[in-house]
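Sequential numbering from 5 applies to the sequence shown in the working numbering.
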Amino acid sequence: MPLRAVVYASQVAADLSAERLESLVADAARFNRMAGVTGVLLHDGDRFVQYFEGPEDGVASVYERVMQSTSHTGIVELARGRVSSRQFPYWAMHRLPADQLLVGKLARADWSRFKKSGPDDIAGSMRGIDVLAVAVAPYVEAA
């Protein structure tokens, strides 16, 4: 079964409280588990960057919920496509705190491919997936 992934950036709704955010993440984790989707949400207080992956039908269902959510505005799809394997299988959905620099870097990163950079890639060029993997690594190792 082919796997798909989506990554987007958006602006946090002005009235989104910390309690509501935690509730949304818990609800998303439950839904994603049923849909076979895994992912991570980075939040700097003003913006979100979310990456999720899974079977095509599950990703489509999750993305539809994302697009209909009132917890954010100005959704910008950074990439959508096939992945050969899960990059972040650790959580059905997990929110990670992030600073504005990291969220900005992810929003401007090269998401043209979901494959992590390899030794044959141009030295010093990190794809969005690489930046995300580095940001997530300390939380995975702590789990």
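All residues carry an ideal CB built from backbone N, CA and C; glycine is no exception.
Pick out whichever of the options has its Cα sitting closest to the Cα of residue i.
i, options, result
"S27", "D48, M71, P6 and S75", "S75"
"L82", "V53, V144 and W95", "V53"
"I133", "G43, R69 and V70", "G43"
"D103", "L136, A9, V63 and A17", "L136"
"V80", "D31, P59 and M71", "M71"
"A17", "P59, S73, S65 and R37", "S73"
"L63", "V144, E145 and V11", "According to the sequence displayed, residue 63 carries Val and not Leu. That would be V11, whose Cα lies nearest to the Cα of V63."
Residue i to residue j, Cα distance in whole Å?
i, j, result
"R90", "L105", "26 Å"
"G78", "D50", "12 Å"
"L46", "M5", "28 Å"
"V138", "R99", "15 Å"
"F35", "M130", "31 Å"
"L7", "D19", "34 Å"
"E57", "A9", "4 Å"
"Y67", "Y55", "10 Å"
"A30", "M97", "8 Å"
"P59", "W115", "19 Å"
"R86", "F118", "8 Å"
"R195", "R69", "Any property of residue 195 remains undetermined from this structure, which presents the chain solely from 5 to 147."
Who are the near neighbours of residue i in its chain, counting only those whose CB is closer than 8 Å to its CB and skipping five residues on each side?
i, result
"D61", "A39"
"W95", "A33, T42, G43 and V44"
Excluding the 5 residues preceding and the 5 following residue i in the sequence, name in chain order all residues of the same chain whose CB lies nearer than 7 Å to its CB.
i, result
"V107", "L46, D48, R51 and V53"
For the putative contact between residue i and residue j, defined by C-beta atoms under 8 Å, what is the C-beta separation to the nearest angstrom?
i, j, result
"A13", "A113", "That pair is no contact at about 10 Å."
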